[in-house]
Each structure stands twice: as C-alpha cells, then as structure tokens.
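Residue numbers (this note's numbering), protein chains in the order written: chain A, 13 to 340; chain B, -19 to 85. Written out below as structure tokens is the structure these notes cover.
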Amino acid sequence: MARRHIEPFVDRDVPFKRMTLPGFKRGMNYKMLSIDKDTGACTMTVQLEGGYRQPPSISMSDVEILSMKGTFMLGDQACTPGYYTFIPNGVSIPAISTARGCEVLLMYNDREPNIIESDQDATGAKRSGLIAANSYDDMPWQVPNLFPATEPGCLIKVLRMDEETQALSFLYCMVPGFWQDNISFHDCAEEAYHIWGTSWMMQFGNLPTGGYFWRPPYINHGAFASEHGVLAFGRTDGTLHNHFHFHAHTEPDENQKKVAKKLAKHSPGLFKWVMTQGHNHPDFLHGHGPDWVHSHEHGGPHSHDHDHAHDHGHGHDQGKGHGKGRKK
Amino acid sequence: MATKKRAVSKSAVKARAKGRKGSPAAAPQRPEEVERWIRAEVQAQERIYRRIVREMNALNDRRLKWVRAFYQRLQTRGFSVHAGIRRKVRPEEIPPVPKRIRVVF
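Quick look at the structure:
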C-alpha cells in the first residue's frame, strides 16, 4: 500500500511543525498532507521563514516544488508564486534563500525528505529531466484534450509528464459557476491542492483554499461545482483517463471491473491478447525495454531466444513486483 | 558559507533509497531518527484518516440529498458525457439511492 485515501483535508486547520530531519536548516516548517508509509515519499505545505538559507544541495529523490506565497531565491532566480520546478534524483540545485519568507508545495516522490549539501550532480543524475517554469506568467491555460473531457470551464497547464508512466503534474482551474453532472474515476491515483478557491464534490462536500486530497485509483468523485472558481495544483501517478458514469454508490473494485469490461469494448484486440496469453509475466514489464515483447509457445517448455536472465521460480503478481511502478 | 563539494554516486543513492534489490518489502536503511520521523508522520496520518472517515460518515444524510438532486438533474439538464455534450437520462436508468454511500477507502 502506498498512501492512505486522504480526502478531504484542509491544511489551514493544522499548525506548521518544525522540520527536524537531518540536513534541513532551521527556519523550515511543514504541514504533512500525505505520506507513503513504506517509502516516506510525501507531499507537504512548507513555510520557509524570513532569513532562511539552504546551501546548494542534492536529494536522493525526485523533488517537485511549487511556489505559492512570497518569494524565494534559487541561486539567482527569483521564484515568485507560480514558479514550478521538478528536480530529478541526484541533480544539484543552487542555494535557496528567502528574505521575507515564503510558502511552497514540496513533494518528495521516492522517499522521505532528504538533503545532502553538494554543488555537483550525483553520478548518473539526469539533469536533462530538470524542469523550471513560471507557470502563472509563462504558460497559457489549455482546454484538456482528454476523451471524454470535463465540462467547458475547467482548464489546465501541464507542468510535467513522465515519459514512462505518463504521470502528470499540472495546474488546473475552474471558472466561476463551473458545474459538471457526472461521477468520475481514474485508473491512477490523483492528488490536488487548492491554492485558491472552493469547489464542491457530491461525495466530499466543499473543498476550500488549502484543501487537499490524495485519492487512490477507481474511487468515485463528482458531480462537481464551483461557485466562485478554483486555482489548484494536481498530480497523477499514471495516465489520466476520465471514466464517467452516474451510479453514485459503486465502490473501487466494481469500478475496476467496469474498466476491464470497457477495455474489451474499446480495445478488443488488446483485451483478447491480454486474456489469451495464458501467463502473467509479459517480459516487457521486466525491464527489457519498452519496444520488445517476447513470444513463445505457451503449451511447451519455457524458452527464450534472447540474452537475459530472470528467476522463473519467483512469483509474479501481475506486474506489481517489477518494472517502474507507481512511486509517488 | 562554505559548501561541501561531495559527489554522490547514483548507485549508492539508489541502493540507499530502495533497500535490498528484489525485495519490495525490505525497509531502506535509514538512520533511527529518520525512521522515528516517518513512524510519527504515518501515525499522524492514520489519525487524520480516521477523522476523515468519521466526518464523511456524518455527511451521509446530506450526501443522499445531493445524490437525489443529482439524479433529478440527470433527467432534466442531462448527464455530462464529454466537453459540454449532455444526454438526458431516462427515469428507468436511474439507480436506486442506497441508505449509505461509502466514499473513503
């Protein structure tokens, strides 16, 4: 299990705590929004007090930061509200400082918050994956190009998409008077933080400014409405597809079965292939590369005509034990 | 302020982060104070989770009213199929409203 279903949670209801983990400088306070009990990966609202200074550093985790209030300096870069950065594991970032204090959303995607002072990248760190943008000033709002899509009046700015998992980080907004009369669920976990504004969902009621959720896959949410509009930050840990329906009482396992049934209708060839392979360890899940699928007779002995080794005595659990899984 | 110039090997980083290879359940090797911090935060999250469950259960009666209103709107304004496309739902398609709806899992 990764993170609990935390929905709804309003961070304004709880006080900041002092960050006490090794390496972090005095003047960093946080509110925990959600945490993975196995890895320590987490999402926090973080307050840096005026005068806070952090020397150049790396983290042993992918890190995402969204500036929400005040300004902090990242080296020579002034990070005003809306500034977003994705820092891959092991990539060194310049010194962080703030003269008057600031608030940010801070996410450690792989493990607990950690920091090592260093002005050099770790060996093998993927600096090409570094993203930095002022999402408020430099990016236009876009109509989501999902099928099916939300009602008009919900717009997004995609900040990051993971090439392998299609996990997304994005800003979204709802215009005043927005409403959408359906119930939605997704195949991926979804997370959101309300930077400003209140929205309503039929299951959870109002989610105001400072409202947050971490929602595992296949959980109903909606109908939706927002009287005065919303500005929010969201993330998924996989492909975001809207499954719309109107049965208010369905539970996640039932929704998952609906998706399997839909797959049979929408992608009959893929569904047939999945169902007729007769085993549950397609090799493309085992790190052999994305473009390679092995093929052999499944009635006979298991043989491979390629150069790799993996232990066939172990038990596969439909892809959950191997490959690049959900990690947030 | 002087900066420690220390390059950290990515393999060491990964090994520390992931724990023993091939065993997802294996806990990464972390200092005890870090383990304590994680335990405390996970416990705090459990308390928040239980509080959310209580609050969402207490919302059940209001939620059932919202669901009845939603089912009415489906028949008049329509079901949001895709990007402004709506379909009016026939009365016989409307599911019964249960006494309780679980929303937190």
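Idealized CB from N, CA, C, for every residue including glycine.
{"Query": "For residue 117 of chain A, does the three-state DSSP call read helix, strand or coil?", "Result": "strand"}
{"Query": "Between residue 108 of chain A and residue 66 of chain A, which are expected to be in contact by the criterion C-beta below 8 Å, what is the C-beta distance as a whole number of angstroms?", "Result": "4 Å"}
{"Query": "By the three-class DSSP mapping on this structure, what secondary structure does residue 8 of chain A have?", "Result": "Outside the shown range of chain A (13 to 340) lies residue 8 of chain A, about which nothing can therefore be said."}
{"Query": "Closer than 8 Å, CB to CB, is residue 21 of chain B near chain A or not?", "Result": "yes"}
{"Query": "Who are the near neighbours of residue 250 of chain A in its chain, counting only those whose CB is closer than 7 Å to its CB and skipping five residues on each side?", "Result": "177, 178, 179, 199, 200 and 338"}
{"Query": "Kindly list the residues whose CB is nearer than 7 Å to the CB of residue 231 of chain A, restricted to its own chain and excluding five residues on each side of it in sequence; keep chain order.", "Result": "17, 197 and 264"}
{"Query": "Any beta carbon of chain B sitting closer than 8 Å to that of residue 267 of chain A?", "Result": "no"}
{"Query": "Going straight from the alpha carbon of residue 64 of chain B to that of residue 50 of chain B, what length do you get?", "Result": "17 Å"}
{"Query": "Tell whether a beta-carbon distance below 8 Å holds between residue 130 of chain A and residue 70 of chain A.", "Result": "yes"}
{"Query": "Ends of the beta strand (DSSP E) at residue 263 of chain A?", "Result": "Unbroken run through residue 263 of chain A: none, as it is neither H nor E."}
{"Query": "Given this structure, state the Cα-to-Cα distance separating residue 307 of chain A from residue 281 of chain A, to the nearest angstrom.", "Result": "Its pLDDT being 46, under 50, residue 307 of chain A is placed unreliably in this model, and the value from its coordinates should be taken loosely. Cα-Cα distance, rounded: 17 Å."}
{"Query": "Hey, how far is the Cα of residue 35 of chain A from the Cα of residue 284 of chain A?", "Result": "52 Å"}
{"Query": "Residue 23 of chain B to residue 79 of chain A, Cα distance in whole Å?", "Result": "28 Å"}
{"Query": "My assumption, with CB atoms under 8 Å, is that residue 209 of chain A sits in contact with residue 242 of chain A. Please give the rounded CB distance.", "Result": "4 Å"}
{"Query": "Would you kindly check if the distance between the Cβ of residue 182 of chain A and the Cβ of residue 171 of chain A is under 8 Å?", "Result": "yes"}
{"Query": "Taking only beta-carbon positions, decide if residue 6 of chain B is within less than 8 Å of chain A.", "Result": "Its pLDDT being 44, under 50, residue 6 of chain B is placed unreliably in this model, and the coordinates cannot settle the point."}
{"Query": "Who pairs with residue 163 of chain A in a beta bridge, going by DSSP?", "Result": "In the DSSP output, where bridge partners are listed per residue, residue 163 of chain A has none listed."}
{"Query": "Where residue 43 of chain A and residue 60 of chain B are concerned, what is the direct C-alpha to C-alpha distance, given to the nearest angstrom?", "Result": "36 Å"}
{"Query": "Helix, strand or coil for residue 44 of chain A, going by three-state DSSP, please let me know.", "Result": "strand"}
{"Query": "Evaluate residue 83 of chain B with the Cβ neighbour count: other Cβ atoms within 10 Å of its Cβ, from every protein chain shown; 16 or more gives buried, anything less gives exposed.", "Result": "buried"}
{"Query": "Going by C-alpha distance, which of A:63, A:138, A:119 and A:211 is nearest residue 104 of chain A?", "Result": "A:138"}
{"Query": "Between residue 37 of chain A and the rest of its own chain, which residues show a CB-CB distance below 7 Å, the 5 nearest in sequence each way excluded?", "Result": "64, 65 and 66"}
{"Query": "Below 7 Å on C-beta distance, what does residue 82 of chain B contact in chain A?", "Result": "263"}
{"Query": "Does any C-beta atom of chain B lie closer than 8 Å to the C-beta of residue 16 of chain A?", "Result": "yes"}
{"Query": "Pull the bridge partners of residue 66 of chain A from the DSSP assignment, please.", "Result": "A:108"}
{"Query": "From the DSSP secondary-structure annotation, give me the bridge partner or partners of residue 225 of chain A.", "Result": "A:204"}
{"Query": "For a contact meaning CB atoms closer than 8 Å, what does residue 71 of chain B contact in chain A?", "Result": "The premise fails here: residue 71 of chain B is roughly 13 Å from chain A at the closest Cβ pair, so nothing lies under 8 Å."}
{"Query": "First and last residue of the beta strand (DSSP E) that includes residue 146 of chain A?", "Result": "143 to 146"}
{"Query": "State whether the region 89 to 106 of chain A contacts the region 141 to 156 of chain A, with contact taken as three or more CB pairs (one from each stretch) at a distance under 8 Å.", "Result": "yes"}
{"Query": "Counting contacts by CB-CB distance shorter than 8 Å, is residue 53 of chain B in contact with chain A?", "Result": "yes"}
{"Query": "Should residue 62 of chain A be labelled buried (16 or more other beta-carbon atoms within 10 Å of its own) or exposed?", "Result": "exposed"}
{"Query": "Tell me the DSSP secondary structure of residue 46 of chain B in three-state form.", "Result": "helix"}
{"Query": "So what's residue 38 of chain B in DSSP terms, helix, strand or just coil?", "Result": "helix"}
{"Query": "So which residues of chain B does residue 249 of chain A contact, with C-beta pairs closer than 7 Å?", "Result": "Going along chain B, no residue has its Cβ under 7 Å from residue 249 of chain A, so there is no contact; the nearest lies around 16 Å."}
{"Query": "Going straight from the alpha carbon of residue 56 of chain A to that of residue 62 of chain B, what length do you get?", "Result": "34 Å"}
{"Query": "Applying the 10 Å Cβ sphere with the 16-neighbour rule, what's the burial state of residue 75 of chain B?", "Result": "exposed"}
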